[in-house]
Structures are given as structure tokens and as C-alpha cells.
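Residue numbers (our numbering): 568 to 1069.
Positions of the beta carbon are idealized from the N, C-alpha and C atoms, including for glycine.
Below you can see the structure in the form of C-alpha cells.
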């Protein structure tokens, strides 16, 4: 099914599921493979990406780019599909370990065939890779790690998996802190002699080992980031936060919108564009899951065995809600993997498996058929409108830039991924700072117009709402509008001529 979706014309992929942010990675990987350095815009080193996925893309571009500009794009989607399907293996193991074989099968089924997870995993971004390591870490902690004190080998493996999750998406550090915190709490709960500090430190040694292993593995990346860019964390997250805070939306509304989007991702899991009352029904289903788990006396067991997820979640969600001030669709896979585990266990309770490790095939088959019908209906309802209809408009704009704008003219945009990738004869300046530390600093100081003039940016291509601050200081004259034909729902993008620089 994934291959059928992937092997379509690029404009269909852009409309249905490929995100503009994926092309930040593609342009970066192309520059690295062509020997231009770790840059998005020429001459400006960046750390606005997650290193493991970027490292995976570089050899794909080394081999595939010479065969066509879209060949590495298709190859990356195939790789991400393999990664997403592989994640079903540890998810099965988690369900099997926490409840029964039926729970494992249902958990894997929910992950593999949910249309929302399917489309998000094909966005072309790093989250599927992150979830492979997060799911493997969860499985290892529930199925292999001794309680309360892990062995030396278990501590090393936990540290390595935390590092891999971190390198695949750096917000995984919050899950890692949750793991280390939960392991420490387990040991402290089992400790009677708090008056002997040396004994306590000895018992906590496996936690320290895990932390050291993780730190050693991620240290080279962090050191490179600090020495090259001057930042420990990716500039991308900081740039988005600056733009959100400098906008007209109050902080409290930004927090509410981040929370609301988290809830929206959950109801998309159940009823992806299926009908207007999806949120209410999703809430009822979540309540039903909780009631089933309580009836089966599973809640206490899950709280104890998934303590590290609870601690990690107490850090993960407040970080995005109150600090980052935004939740994007590909951030949701962490939430939806946990939901798949809980729903798989709840459904296994409903089919009343006995004995615990056996598969009640007829009842499980009914559950699978019901959810299959729901997933098919949700996918069919969502597919015509697409996930990112605006990306096709950007692709049209990129073709215009490449063919109609002189090579010596500098173009800028606050949404630069697709423009930069599909205009190899231009260097489209990333104005929001997500991949350009120089423009991030300019936005932070409120001097983006000055930067535009310094870089002799002659054209800007963006929706009108994105350029209001620039328009108040410089003269922007409309040159062209996109799309030229039918608007598929992505809105209007305008190419402006920039004037007014002294």
C-alpha cells in the first residue's frame, strides 16, 4: 500500500503527504553530497536538523541524485516506509509483554494501518526514525531490563537507545530524561538505607552508566554544533519560537493552540477527516479505553511498567505546549505510538483472551475488520483534499523561479524548502531562520529587513501574511501569483519584487 502511494508523480506526493520541511533535509543532503558543506544556504553552516536522518540521506543523494532530482525523494520515502513498518515489530513485542499475543498483534495492526500515521510517516521527515528507536527502547525496558536494578549490559543498551532516539530527533532527550528518572526512582523505592550515601550511589550506578553512554555517543554532534554554529540545540526550534512570540497571537492563545493541536492529532487517529463530530467521538473512545483498562485492572500494571513514559511525558508535552508553543503533525507519532499500545491492550481485554498468551482469532478478527473499515473510510475521506495542498503551489512557484528569474537575482522566502530544492541554479535565502542561523539572529533582533538588504534579496515568494513586517519597512511589488490554475486548497502565494533598500 505504501509503495502504491509513493510511486506517483511528484506533484501528487506534494499534495497528499510530502511536507515542505522535508525539502530542508533534501537540499541540505544535496549540498553535503556535492561537497558544499553542512549548509542550506551557501556559506552559512547550520544545525537546524536532526543528524541521524540527515546522515541517512547523504548516501542516498550521493548515489541517486545523478539519476534525477526526484529519485532521492522517492528513495527516502521507501526508506521511511521500511522504518515505519519495522517499528511494528517492537510495538508487537510491547503489547505481547504487557498483556498478550493478541494485544501485540492488535498494537502492530493499529500502527501499520492507521491512515493518519500512514500519511504523517510519509511526510519525508525524521519522526519515523525517532519512533523506531523510541519503540525499541520501550520494548527493551518492559521486556528485558531487570527491576529495580538493571545489569551493566542492560544499562549500556538503554543508554545507546536513548542516544539513537536523541540523534534521530533531539526532543527525545525528554523521553531519555524520563527513562533515567524512572530507573532512579525504581532503585530509590527499593532502597531502605538512605543514610549511607556510598551505598546509594553504588545502587544508582547503572543509571549513571546509561547516562554516560548516551552522553558519549551524542557528544561529537553537540560539540560540532557548538563549535560550528555556536548553539547546542537546533536553530530550527529556536527560530520557530521567535517567530511565534513576535507574531500578533498572545502567549496564552499559542499555548491553547498547541494543546488543541495535540488533541486534534488524537482524534485524527480515530476519525481522520471522516465527520464533524470526530473530536467528541474520539474523546468517548478514549474514555472507553480507560474504562476497559480499569475493568481489567490493567491501569496499575501499566503505570508501574510504563513509569518511564509517564515521567517522560510530564516533560515532553509541557515543553511543546509552554516553551516551543507549537505541535506539528510529525511530532504526533510519539503520542500515537503510546495510543496504539493502550488501545491494543484495551481491545485485547475486550476480546477476553484466555489463557493470557493465546490468540482469540474469531473475536480479534472482528475487531480488525471493524477498525479496517474505519481506517479505510478515514483514509478515503482525507485523501482527495491532501495533507499539504499548499506544497503543490510552492512547487509551481519554484519552477517559475528556476525558469523566469535570472540566476544572479537573489530570492528569499519564509518557507524555503521546496523553493531551494527545486531551484538548483538559485540559492533561495531561508528568511525564517529555521535553516539559517544568520536570519534567525536577524529575526531575534527585529532586523530581518536589514538582512534582506544586506544580502541583496531582489525577490520574496510567500503568502501575503508572511511578509507584513517586511512590507512595513520595504516596498514589495507584486510580480506573479500562484497557483496559476486551480487552487487545490493551499491558498495564494505571491512573488514580490523587493525595493526600498538604501
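> What number of angstroms, rounded off, separates the C-alpha of residue 658 from the C-alpha of residue 901?
Replying inline: Start at 1 with the first residue of the chain shown, and residue 658 comes out as number 91. Start at 1 with the first residue of the chain shown, and residue 901 comes out as number 334. Cα to Cα, residue 658 sits roughly 12 Å from residue 901.
> Which same chain residues, not among the five before or five after residue 924, have their C-beta less than 7 Å away from its C-beta?
Replying inline: Here residue 924 refers to the residue found at position 357 of the chain shown. Interpretation of residue 924 is limited by its pLDDT of 49, a score under 50 that renders its predicted location unreliable; no figure is taken from the coordinates.
> When the distance is taken between beta carbons, is residue 722 closer than 9 Å to residue 785?
Replying inline: If you number the chain shown from 1, residue 785 lands on position 218. If you number the chain shown from 1, residue 722 lands on position 155. No; because the gap between Cβ atoms is not below 9 Å, this pair is not in contact.
>> Suppose the cutoff is 8 Å on Cβ atoms and the five residues either side in sequence are ignored; what does the same chain contact list for residue 646 look like?
In response: Position 79 of the chain shown, counted from the first residue, corresponds to residue 646. 623 and 627, listed in sequence order.
> Looking at C-beta atoms only, is the number of pairs between the region 789-807 and the region 980-993 that lie closer than 8 Å three or more?
Replying inline: Contact between the region 789-807 and the region 980-993 is absent, because fewer than three Cβ pairs lie under 8 Å.
>> For residue 598 and residue 906, what's the separation of their Cα atoms in angstroms?
In response: For this step, residue 598 is matched to residue 31 along the chain shown. For this step, residue 906 is matched to residue 339 along the chain shown. Within the model, the alpha-carbon separation for residue 598 versus residue 906 is close to 38 Å.
> Who are the Cβ neighbours of residue 1106 in its own chain at under 7 Å, not counting the five residues just before and after it?
Replying inline: Only positions 568 to 1069 of the chain appear in the structure, and residue 1106 is not among them; the question remains open.
> So is residue 709 buried or exposed if we call it buried at 16+ other beta carbons inside 10 Å?
Replying inline: Translated into positions along the chain shown, residue 709 becomes position 142. With at least 16 other beta carbons inside 10 angstroms of its own, residue 709 counts as buried.
> The beta strand (DSSP E) spanning residue 1062 covers which residue range?
Replying inline: Residue mapping note: residue 1062 aligns to position 495 of the chain shown, counting from 1. Unbroken beta strand (DSSP E) run through residue 1062: 1060-1066.
> By the 10 Å Cβ neighbour count, where 16 or more other Cβ atoms means buried, how is residue 737 classified, buried or exposed?
Replying inline: Locating residue 737 in the chain shown gives position 170, counting from the first residue. Counting Cβ neighbours within 10 Å, residue 737 comes out buried, since at least 16 surround it.
> Should residue 1042 and residue 1067 be called a contact, given that it needs their Cβ atoms to be closer than 9 Å?
Replying inline: Here residue 1042 refers to the residue found at position 475 of the chain shown. Here residue 1067 refers to the residue found at position 500 of the chain shown. In contact: residue 1042 and residue 1067 (Cβ atoms closer than 9 Å).
> Residue ranges of each alpha helix (DSSP H) run of no fewer than 4 residues wholly in the region 922-973, ordered along the chain?
Replying inline: Every alpha helix (DSSP H) stretch that sits fully inside the region 922-973 and reaches 4 residues is listed by chain position as 928-949 and 957-971.
>> Restricting to Cα atoms, I'd like to know which of 747, 824, 743 and 674 is closest to residue 935.
In response: In the chain shown, residue 935 corresponds to position 368, counting from 1. The residue with the shortest Cα to Cα distance from residue 935 is 674.
>> Give me the DSSP bridge partner(s) of residue 612.
In response: On the chain shown, position 45 is the one that residue 612 refers to. Looking at the DSSP assignment, residue 612 forms a beta bridge with 606.
> Between residue 641 and residue 574, is the Cβ-Cβ spacing less than 9 Å?
Replying inline: Reading the chain shown from its first residue, position 74 is the one you call residue 641. Reading the chain shown from its first residue, position 7 is the one you call residue 574. A contact, by the Cβ cut-off of 9 Å.
> Using the rule of at least 16 other Cβ atoms within 10 Å of the residue's Cβ for burial, across every protein chain shown, is residue 976 buried or exposed?
Replying inline: Here residue 976 corresponds to residue number 409 of the chain shown, with the count starting at 1. Residue 976 comes out exposed.
> Any idea what DSSP makes of residue 1026, helix, strand or coil?
Replying inline: Locating residue 1026 in the chain shown gives position 459, where the first residue counts as 1. Residue 1026 falls in the strand class under three-state DSSP.
> Touching or not, the region 577-586 and the region 598-611, by the rule of three or more beta carbon pairs under 8 Å?
Replying inline: Cβ pair count under 8 Å is below three, so no.
>> What does the Cβ neighbour count give for residue 961, buried or exposed, with the cut at 16 atoms within 10 Å?
In response: Indexing the chain shown from 1 puts residue 961 at position 394. It is buried - the Cβ of residue 961 has at least 16 other Cβ atoms within 10 Å.
> DSSP puts residue 672 in a beta bridge; with which residues?
Replying inline: Counted from its first residue, the chain shown places residue 672 at position 105. None, per the DSSP bridge assignment.
> Tell me, which residues are paired with residue 996 by DSSP?
Replying inline: By 1-based counting over the chain shown, the position of residue 996 is 429. The partner list for residue 996 (beta bridge, DSSP) reads 979.
>> In the DSSP output, which residue or residues are listed as bridge partners for residue 1043?
In response: Within the chain shown, numbered from 1, the residue matching residue 1043 stands at position 476. Answer is 1065.
> When you compare each of 1015, 1054, 820 and 755 to residue 888 by their alpha carbons, which one comes out closest?
Replying inline: The count along the chain shown starts at 1 and reaches residue 888 at position 321. When only C-alpha atoms are compared, the closest one is 820.
> Between residue 1027 and residue 1063, which are expected to be in contact by the criterion C-beta below 8 Å, what is the C-beta distance as a whole number of angstroms?
Replying inline: As a first step, residue 1027 is located in the chain shown; it is residue number 460 there, counting from the start. As a first step, residue 1063 is located in the chain shown; it is residue number 496 there, counting from the start. The Cβ separation is near 5 Å, so the contact holds.
> If you run the structure through DSSP and keep just helix, strand and coil, what is residue 832?
Replying inline: For the purposes of this step, residue 832 is identified with residue 265 of the chain shown, where counting begins at 1. Helix at residue 832.
> Does DSSP classify residue 920 as helix, strand or coil?
Replying inline: Reading the chain shown from its first residue, position 353 is the one you call residue 920. No answer about residue 920 holds up, because its pLDDT of 47 lies below 50 and its placement is not dependable.
> Would you report the Cα separation of residue 1019 and residue 1038, rounded to the nearest angstrom?
Replying inline: Residue numbering aside, residue 1019 sits at position 452 when the chain shown is read from its first letter. Residue numbering aside, residue 1038 sits at position 471 when the chain shown is read from its first letter. Those two C-alpha atoms are separated by around 12 Å.
> Does the region 726-734 touch the region 679-691, meaning 3 or more C-beta pairs lie closer than 8 Å?
Replying inline: Taking 8 Å as the limit for Cβ pairs, the verdict is that the region 726-734 does not touch the region 679-691.
> Can you name the start and end residues of the alpha helix (DSSP H) that residue 590 belongs to?
Replying inline: In the chain shown, the residue the question calls residue 590 occupies position 23. That run of the alpha helix (DSSP H) goes 589-600.
> Is residue 1001 near residue 615, with beta carbons less than 9 Å apart?
Replying inline: Residue mapping note: residue 1001 aligns to position 434 of the chain shown, counting from 1. Residue mapping note: residue 615 aligns to position 48 of the chain shown, counting from 1. Yes, Cβ-Cβ distance for residue 1001 and residue 615 is below 9 Å.
> Among the residues of its own chain, which have a CB less than 7 Å from the CB of residue 771, if the five just before and after it don't count?
Replying inline: Position 204 of the chain shown holds residue 771. Around residue 771, the same chain offers 751 and 754 as residues with beta carbons nearer than 7 Å, after the five sequence neighbours per side are excluded.
> Mapping DSSP to helix, strand and coil, what is residue 711?
Replying inline: On the chain shown, position 144 is the one that residue 711 refers to. Judged by DSSP in its simplified three-state form, residue 711 adopts coil rather than helix or strand.
> Does at least one heavy atom of the ligand GDP sit under 8 Å from the Cβ of residue 881?
Replying inline: The ligand content of the structure shown is nil, which means the ligand GDP is not present either.
>> Quick check on residue 1049: does DSSP put it in helix, strand or coil?
In response: Working through the chain shown from its first residue, we reach residue 1049 at position 482. Strand.
> Measuring CB to CB, does residue 1010 end up less than 9 Å from residue 999?
Replying inline: Position 443 of the chain shown, counting from 1, holds the residue named residue 1010. Position 432 of the chain shown, counting from 1, holds the residue named residue 999. In contact: residue 1010 and residue 999 (Cβ atoms closer than 9 Å).
> Which residues in the same chain have their Cβ closer than 7 Å to the Cβ of residue 653, if we skip the five residues on either side of it in sequence?
Replying inline: Here residue 653 refers to the residue found at position 86 when the chain shown is read from its first residue. Correct list, in chain order: 699.
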